[in-house]
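If you want our numbering, it's the position in the sequence shown, counting the first as 1, plus 10. Even for Gly, the Cβ is constructed at its ideal location relative to N, Cα and C. Since the model is a prediction, treat every value here as computed from it, not as a measurement.
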Amino acid sequence: MKNLLIALLLFPIILTAQAVKPSTNQINFGNVYEGTTDSVQIVLHNKEPRDLIITGFKFYTIYNKTPFFVKQNNFTIPFQGSQSVWVYFSPKQNILHNSEMIIMHNGTSAYEPIDLIGQGKFSNTYYNSTENLSEEALKTALKTRLGQGYNSLGYNNGRDLIFMTIDNKKTNGQGASVNTLECVYTGTTITGYASRSAAQSGNPQFNTEHTFPQGHFNSNEPMKSDIHHLFPTTNNSNSQRGNKPFGNISGGTASGGGSFYNNTTYEPRDAQKGRTARALMYFVIRYQDYSSHFAGSETVLRQWHNAFPVDAIDRKRNNDIYAAQNNRNPFIDYPQFEERITNFVSNSVAPQSFGLDVLQSSINFGAVIRAQADTFDYVLVNRGNKDILFSNFSLSNTSDFSFAANSGVNSTLLPGEALQISVIVNAANTGTITGNLNFNTNIPGGQSSFVIPISAQSIIVSVDEQSLSNQLSVYPNPMQEKLFIRYEGNEKLDIRLLDAIGKQVELDYVISNGFISTKDLLHGVYFLEIKKGDKRIVKKLVK
Numbered sequence: 011m012k013n014l015l016i017a018l019l020l021f022p023i024i025l026t027a028q029a030v031k032p033s034t035n036q037i038n039f040g041n042v043y044e045g046t047t048d049s050v051q052i053v054l055h056n057k058e059p060r061d062l063i064i065t066g067f068k069f070y071t072i073y074n075k076t077p078f079f080v081k082q083n084n085f086t087i088p089f090q091g092s093q094s095v096w097v098y099f100s101p102k103q104n105i106l107h108n109s110e111m112i113i114m115h116n117g118t119s120a121y122e123p124i125d126l127i128g129q130g131k132f133s134n135t136y137y138n139s140t141e142n143l144s145e146e147a148l149k150t151a152l153k154t155r156l157g158q159g160y161n162s163l164g165y166n167n168g169r170d171l172i173f174m175t176i177d178n179k180k181t182n183g184q185g186a187s188v189n190t191l192e193c194v195y196t197g198t199t200i201t202g203y204a205s206r207s208a209a210q211s212g213n214p215q216f217n218t219e220h221t222f223p224q225g226h227f228n229s230n231e232p233m234k235s236d237i238h239h240l241f242p243t244t245n246n247s248n249s250q251r252g253n254k255p256f257g258n259i260s261g262g263t264a265s266g267g268g269s270f271y272n273n274t275t276y277e278p279r280d281a282q283k284g285r286t287a288r289a290l291m292y293f294v295i296r297y298q299d300y301s302s303h304f305a306g307s308e309t310v311l312r313q314w315h316n317a318f319p320v321d322a323i324d325r326k327r328n329n330d331i332y333a334a335q336n337n338r339n340p341f342i343d344y345p346q347f348e349e350r351i352t353n354f355v356s357n358s359v360a361p362q363s364f365g366l367d368v369l370q371s372s373i374n375f376g377a378v379i380r381a382q383a384d385t386f387d388y389v390l391v392n393r394g395n396k397d398i399l400f401s402n403f404s405l406s407n408t409s410d411f412s413f414a415a416n417s418g419v420n421s422t423l424l425p426g427e428a429l430q431i432s433v434i435v436n437a438a439n440t441g442t443i444t445g446n447l448n449f450n451t452n453i454p455g456g457q458s459s460f461v462i463p464i465s466a467q468s469i470i471v472s473v474d475e476q477s478l479s480n481q482l483s484v485y486p487n488p489m490q491e492k493l494f495i496r497y498e499g500n501e502k503l504d505i506r507l508l509d510a511i512g513k514q515v516e517l518d519y520v521i522s523n524g525f526i527s528t529k530d531l532l533h534g535v536y537f538l539e540i541k542k543g544d545k546r547i548v549k550k551l552v553k
């Protein structure tokens, strides 16, 4: 009589809901300061019944930067093995960073998300009041901070500091042996002057440029003497600029040194473009945009700010002005503040955008055991800045597929978070089974509704014919370079080797002398199927 043995003990080894299991599902870096990098080590465990290839890690941008990252990317985790991975956090903004890290692989399960959290901090405590703020709230905090304890120097004292100390290349660290002043627009210099008045009446005659024209605010204090927007220029270039807004000019009249002007616009040389932009951004935050002088140039000024970055001269000047006025230009200390302000003049609100990252186009369980439940945690990530609402979840094939508890229900996905939709397969029959996961979102357009194909290959790994088994021995297990098959009978045997998902392994090796060469097999779980007539045995093997 046939004795059929159901190899239940094999099932957990054949299939797993996770191909890779990380040692944690959340990393909280705590407080990390700009310009520094913190790291946390995690361990990835291979839960596949074979070698697992990690094909990459996906991270998401925050204000156009990727603060979280890894240095390892593609690698293989051996069967039953593990791999340590260092995850890094290097913030540029003093905000709370909340994002996701997606572990991608070649296994037959969903990608694995890890929640990432880190509080960015600025080392300059002058800006503590700006932490975790953006848009209008950030503008208000900066305006308040820039006015706290401000020392209004008066126009004469302010100009004396510019000519004799702050912009004097003999005293500001730029190495001149005599008093030297350079026109920021033309590069023209005057040397050897003994006082501000001497420079103003020298050859060439120098003046003080108000980057935000003082005519727009009636030459009132404290704007008139605020050194953050005052620079030395020649009289001639000062007049050529006048009250013109800044911008890029095609053609125009040369002002000297690479600056140009026409009847409506002034374009400073490249060496001054970034400084001009940051001076004006400071001014409209500290005060306001008088006569809408800044608004029409905001786009090009942002371009200059990013194209011509802060240098050591800018930082030294900012420090010297702070020593005199007791306030700083935030866009010199932290140029990235600009990214968190959408509109410098009007009410600033970040553009609202949906962003749903669909990481896998289908749910493919691979091989599953008939009547054995398996789960696929389908992952979606909100990479936008608006909440995403999910509704109307359904499965087209409810005979073989179902939702796990608390999954497939209406839900809200917050920005920077991941949603896992857990779909269970429990196939009643063998063969290919299919279905669809359906759901809707509040995203307009092409992502308002989804139909995600589901597939699985239902198999049986069960039959052990006792009579055949008694005549057969297979060794060694775990396999090495050779797998020996000893059979006491004389009948012909049909032999197949299957991998962990039921796919037949092509045996280029010749079965001779009672063994199969297995030296080229990858590490993992295999199943040896042996048939004699209508009798069949399946043995689990490990390499």
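Whole-Å CB distance - residue 131 paired with residue 104, under 8 Å assumed: 6 Å
Beta-bridge pairing of residue 96 - partner residues as DSSP gives them: 51
Sequence-distant residues of its chain with Cβ nearer than 6 Å to residue 396 (five each side left out): 362, 364
Sheet register partners of residue 388 (DSSP bridge): 431
Cβ distance (whole Å) where residue 349 is taken to contact residue 73 below 8 Å: 4 Å
Contacting residues, own chain, Cβ-Cβ under 7 Å from residue 288 (five flanking each side not counted): 315, 339, 341, 342
Whole-Å CB distance - residue 54 paired with residue 95, under 8 Å assumed: 6 Å
Contact set for residue 70: own chain, Cβ-Cβ below 6 Å, skip 5 residues either direction: 109, 393
Segments assigned beta strand (DSSP E), at least 3 residues, entirely inside the region 392-472: 398-405, 411-413, 421-423, 428-435, 441-451, 459-469
Short Cβ contact (8 Å threshold) for residue 161 with residue 336: yes
Segments of 3+ residues assigned as beta strand (DSSP E) that fall wholly inside the region 82-147: 85-87, 92-99, 106-115, 122-131
Spatial distance of residue 185 from residue 191 (CA atoms): 12 Å
Helix, strand or coil at residue 519 according to DSSP, with G and I counted as helix: Residue confidence for residue 519 is low, a pLDDT of 47 falling below 50, so the modelled location carries little weight; the figure read from the coordinates is stated next. DSSP places residue 519 in coil when its eight states are reduced to three.
Residue 166 classed as buried or exposed, judged by whether at least 16 other C-beta atoms fall within 10 angstroms: exposed
Short Cβ contact (8 Å threshold) for residue 548 with residue 510: no
Alpha-carbon spacing of residue 493 relative to residue 371, whole angstroms: 39 Å
Contact the region 260-272 vs the region 212-230: 3+ CB pairs below 8 Å: no
Whether residue 386 touches residue 29 by CB criterion (8 Å): no
Assumed close pair residue 265, residue 250 - CB separation to whole angstroms, cut-off 8 Å: 5 Å
Inter-stretch contact (C-beta, 8 Å, three-pair minimum) for the region 295-312 and the region 195-209: no
Minimum length 4: unbroken alpha helix (DSSP H) runs contained in the region 298-374: 308-317, 322-335, 340-343
Burial state of residue 85 (16 or more Cβ within 10 Å): exposed
Rounded C-alpha distance that separates residue 317 from residue 258: 13 Å
Endpoints, the alpha helix (DSSP H) within which residue 170 is located: 165-171
Those residues which DSSP pairs with residue 38 across a bridge: 127
Per-residue DSSP class, three states only, for residue 200: strand
Cβ pair residue 443, residue 468 closer than 8 Å: yes
Expected contact under 8 Å - CB spacing of residue 307 and residue 256 to nearest Å: 5 Å
Between the CA atoms of residue 195 and residue 247 - distance to the nearest angstrom: 7 Å
Beta-bridge partners of residue 498, as assigned by DSSP: Paired residue(s): none; residue 498 is not in a bridge.
Beta-carbon gap between residue 505 and residue 540 smaller than 8 Å: yes
Check whether residue 173 and residue 239 have beta carbons under 8 Å apart: no
Burial state of residue 483, where buried means 16 or more other Cβ atoms lie within 10 Å: exposed
Range covered by the beta strand (DSSP E) that runs through residue 244: 240-244
Beta-carbon proximity check, residue 128 vs residue 77, cutoff 8 Å: yes
Distance CB(residue 351)-CB(residue 145) smaller than 8 Å: yes
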